[in-house]
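What follows is a short report on a single structure.
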Amino acid sequence: MTTSPLLSPTVLDVLCPMHVVVDATGHVTHAGPTAQKLWPYAPLEGTRFLEVFCVKRPRAISNMHDLTHAADRKLHLEIRNAERTALKGILVPFDSAGGSIIVNLGFGISVIDGVRDYALTNADFAATDLAIEMLYLVEAKTAAMEASRRLNLRLQGARVAAEEQAYTDTLTGLKNRRALDTVLTRLLSTPSQFAVMHIDLDYFKAVNDTLGHAAGDHVLQLVARIMVEETRASDTVARVGGDEFTVVLPDVHSEKTLRRIGRRIIDRMEEPIPFQGEDCRISASIGTVWVRPENAATMEEVLADADLALYASKHAGRAQQTLYTPALRAAANRVQAPQEHKGQTG
Amino acid sequence: MHGLINRTIQQFVCDTYGVPVWEDICARIGLEFTDFEAMLSYEKSYTSDLLTAMADVVGRPRASMMEDLGTYLVTAPGFDAARRLLRFGGVNFVDFLHSLDDLPDRVRLAVSDLYLPALELHSHADNRFSLRCMADISGYGHVMMGILRVMADDYGALAWLDHAGGSAGVETISISLVAADFAEGRHFDLGARAG
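Protein chains in written order, with my numbering: chain E, 139 to 484; chain S, 887 to 1081.
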C-alpha cells in the first residue's frame, strides 16, 4: 500500500479514532480504536465492511463499486447489530492506485445512546470532537430543566392556592359570591336540573347585639358547618352576605328532596348554640328555586326568584322554607305594580 | 445573585447545622423569607450577607466554613449532578485542573444567567500549579479548595492544596500533585445519568 507517511494509521487513530480503512475487495484492513469498539464481536480487520455496516442513504449501495463512487458525500449508515446504531460517515480515497478508501464515522445525534451502548469514555473521542461537550450540555440542560420544572410546579401550586383563597370566605371557609357566580354560570350554560337555596339567618342580629361579634362569628362558623354537613359534596355552599347564604344543589330531581334538606337545615340551626356559658338561639328562612331545562332562566332571574321565595318565608313568620312558583311572581307583580305606577307619576 | 448559589448555601446550612440556624441567619440579615428558589434571581448583596451571618451565627471561622461549603457542593446527596458535570472537564486530575479556566463559560452554557467567578490556572515546574480565583465574595478560594480536594479524590489523585492568601478580590490556591494515580478513583461512566 502506497500511502503518504503523514496519513499513517497511527496518525488517523488520533485524529479520527472512529475510522476504518477498506481495501478494493471491500475488506477492512485497519480500524480505528473507537470504530473497533462498535463491533466488539470480532476484530474488524479482515471482515467485509458492508457486512458490518449497512448504508441507508444514499440508497442502494450494496457493493464496493457503488461505495467507492459515493466519495465526498455524507453517508448515513447503520451497524448490523441489535442496537442498529445510526452513524454518519464520510468516505475518501486512501490509496487511489490500490483502490482502498477511508470511511470516517461519527454518531451524530445518536451520540448519547452510542456512548451508553458501547461504554465509551472521553478517551474514545478525538480531543477536538464536540461529543463530550454535547453529552455535558445534554446532562447540564436536563438538570437545569428539571430545576425549572420543579419551580413551575411550585408556582402552579401557589397559584391554585391563591385562587382557592379568592373563592373562599375566610371566616367560614365556605365559598364566596365569586365562586357562586362561577358555579351558576357553569350550570346555566347547559340544560340542567338544579336548585338554588337562599338561606337567611333569623334572630342573628339579636345574637350579635346581645352577646357580641365573637358570638356572632362563632354562630356563623357553626351554621356553615351545618349547611356543609346537610348537603352533598357536589353541592356548593356560599356565604354571600353577613348572615346570608346560598346553596346550589346540582341534579335535584324532586321538590320533596328540597323540602327535606331545607327542613333538616332549619331544624339543626334551631338547636341552641352554646357560647361562653350562654345559648345562642337562631333559626333560618329559606327561599328555594328549582331550575329545570324547561324553565330556563338567566342567573339574575334565578337569584331574584330565590329572593322572592325567601321573602315569602320571612313574611309567613320565618323559620320555614318556601319553594318558588310562578304564582309567587304573579302575586308580587300585583303588589308592586301600583307602587311602580306611583313612582313614575310622583 | 443567582438563586442556585443562595439555595446551595441554604441547603448546606440546613443539612449541617439545622433549620433553626438557617432561620436565624435569614432573620439576622432582615430577610422576610427563608426559602430560596434555585431558578430565580435575588439581590446581589444577599449572598455575601448570608455568608457573613453564617459565620457569626455558627461561630466558626469563615474560611473553614467556606471550604465545607465547597465540599458539600460536590458530595452532598442531591448534588451528584454537580460532581458529574465537573468530571466532564477532563480525563484525569491535571486535565480537570486545566478545564477550570473554562468552568464559568461551561456553567453558563447550562444556566445562561449563572455567572461564576473567573478562574485562572498557572502551571509551574514539578507538577505544581496555582489557581487564581477572582471573586467579589471573600473566601471563594476556600470554596474551590473544598471542591478540588473532593475532585482529586474522585480522580484518584493525591494532591496537596494550600490557600496562599490573596487580596483585592483575588485568592490563590497552590496545588502540588504528589501522585496522579494514587488510588483507583471513582469510576466515571459517560453514558450514565445523575439522578
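Backbone N, C-alpha and C define an ideal beta-carbon position, used for all residues, glycine too.
Item checked: Proximity test, residue 1058 of chain S beta-carbon vs the ligand ATP heavy atom, cut-off 6 Å -> In terms of ligand content, the structure shown is empty, and the ligand ATP therefore cannot be addressed.
Check: Is residue 283 of chain E buried or exposed, if buried means 16 or more other CB atoms sit within 10 Å of its CB?
Finding: exposed
Item checked: Proximal residues to residue 1016 of chain S (C-beta, below 6 Å), its chain only, five neighbours per side dropped -> 1008, 1058 and 1060
Next item on the list: Decide if the segment 917 to 934 of chain S is in contact with the segment 970 to 977 of chain S; the criterion is three or more beta carbon pairs, one per stretch, under 8 Å apart.
Entry: no
Margin query: Applying the 10 Å Cβ sphere with the 16-neighbour rule, what's the burial state of residue 416 of chain E?
Written below: exposed
Checklist line | Where residue 463 of chain E sits in the DSSP three-state scheme | finding: coil
Notebook entry, point to check: Between the segment 919 to 934 of chain S and chain E, which residues of the former have CB atoms less than 8 Å from a CB of the latter, in chain order?
Noted result: 923, 924, 925 and 926
Checklist line | Straight-line gap, residue 375 of chain E to residue 308 of chain E (C-alpha atoms, nearest Å) | finding: 14 Å
Checklist line | Reduced DSSP category for residue 423 of chain E - H, G, I as helix; E, B as strand; rest coil | finding: strand
Next item on the list: Mind the definition here: the segment 199 to 211 of chain E touches the segment 222 to 239 of chain E only if three or more C-beta pairs lie below 8 Å; say whether that holds.
Entry: yes
Next item on the list: Report the rounded CA-to-CA distance for residue 1023 of chain S versus residue 890 of chain S, giving the unit in angstroms.
Entry: 15 Å
Next item on the list: Answer with buried or exposed for residue 1041 of chain S, where buried requires no fewer than 16 other C-beta atoms within 10 angstroms of its C-beta.
Entry: buried
Margin query: Does chain S have any CB closer than 7 Å to the CB of residue 289 of chain E?
Written below: yes
Margin query: Using only the alpha-carbon positions, how far apart do residue 174 of chain E and residue 990 of chain S sit?
Written below: 36 Å
Checklist line | Near-chain S residues of the segment 202 to 233 of chain E (beta-carbon distance less than 9 Å), N- to C-terminal order | finding: none
Checklist line | residue 293 of chain E burial status per 10 Å Cβ neighbour count (16 or more: buried) | finding: exposed
Margin query: Is it the case that the segment 360 to 380 of chain E contacts the segment 310 to 326 of chain E, given that we only count it when at least three CB pairs across the two stretches are under 8 Å?
Written below: yes
Notebook entry, point to check: Per DSSP, what kind of secondary structure is residue 923 of chain S in: helix, strand or coil?
Noted result: coil
Notebook entry, point to check: Does the beta carbon of residue 1051 of chain S come closer than 7 Å to any beta carbon on chain E?
Noted result: no
Note to self: For the pair the segment 337 to 353 of chain E and the segment 379 to 396 of chain E, tell me if three or more CB-CB distances fall below 8 Å.
What the structure shows: yes
Note to self: Distance check for residue 145 of chain E and residue 153 of chain E, CA to CA, integer angstroms please.
What the structure shows: 10 Å
Notebook entry, point to check: Are there 16 or more other CB atoms within 10 angstroms of the CB of residue 482 of chain E, so buried, or fewer, so exposed?
Noted result: Because residue 482 of chain E carries a pLDDT of 42, less than 50, the predicted location of this residue cannot be relied on, and the following value inherits that uncertainty. That one is exposed.
Checklist line | Residues of the segment 261 to 291 of chain E whose Cβ lies closer than 7 Å to any Cβ of chain S, in chain order | finding: 261, 270, 273, 274, 275, 277, 278, 279, 281, 282, 285, 286 and 289
Note to self: Rounding to the nearest angstrom, what Cα-Cα distance links residue 301 of chain E and residue 316 of chain E in this structure?
What the structure shows: 11 Å
Next item on the list: Taking C-beta pairs closer than 9 Å, name the residues in chain S that residue 321 of chain E reaches, listed in chain order.
Entry: Neighbours of residue 321 of chain E on chain S: none; closest Cβ ~34 Å, over 9 Å.
Next item on the list: Leaving aside the five residues before and after residue 985 of chain S along the sequence, list all residues of the same chain whose C-beta is less than 7 Å from its C-beta, in chain order.
Entry: 975 and 976
Next item on the list: Just mark residue 479 of chain E as buried or exposed, buried being the case when its beta carbon has 16 or more other beta carbons within 10 Å.
Entry: A caution first: residue 479 of chain E carries a pLDDT of 48, below 50, which makes its placement in the model unreliable, though a value can still be read off. By the 10 Å Cβ count, residue 479 of chain E comes out exposed.
Notebook entry, point to check: Is there a Cβ from chain E that is less than 7 Å from the Cβ of residue 1005 of chain S?
Noted result: no
Next item on the list: Count the other CB atoms, across all protein chains shown, that sit within 10 Å of the CB of residue 348 of chain E; report buried if there are 16 or more and exposed otherwise.
Entry: exposed
Check: Straight-line CA distance for residue 306 of chain E to residue 299 of chain E?
Finding: 11 Å
Item checked: Separation of residue 241 of chain E from residue 206 of chain E, as counted between CA atoms -> 10 Å
Note to self: 7 Å is my cut-off, CB to CB: does residue 1002 of chain S come that close to chain E?
What the structure shows: no
Note to self: Checking 7 Å against the spacing of the C-beta atoms, do residue 952 of chain S and residue 1025 of chain S come in under that value?
What the structure shows: yes
Check: Rounded to the nearest angstrom, how far is the Cβ of residue 397 of chain E from that of residue 331 of chain E, given a contact under 8 Å?
Finding: Not confirmed; about 16 Å, so no contact.
Check: Going straight from the alpha carbon of residue 1070 of chain S to that of residue 966 of chain S, what length do you get?
Finding: 19 Å
Item checked: Straight-line gap, residue 968 of chain S to residue 180 of chain E (C-alpha atoms, nearest Å) -> 38 Å
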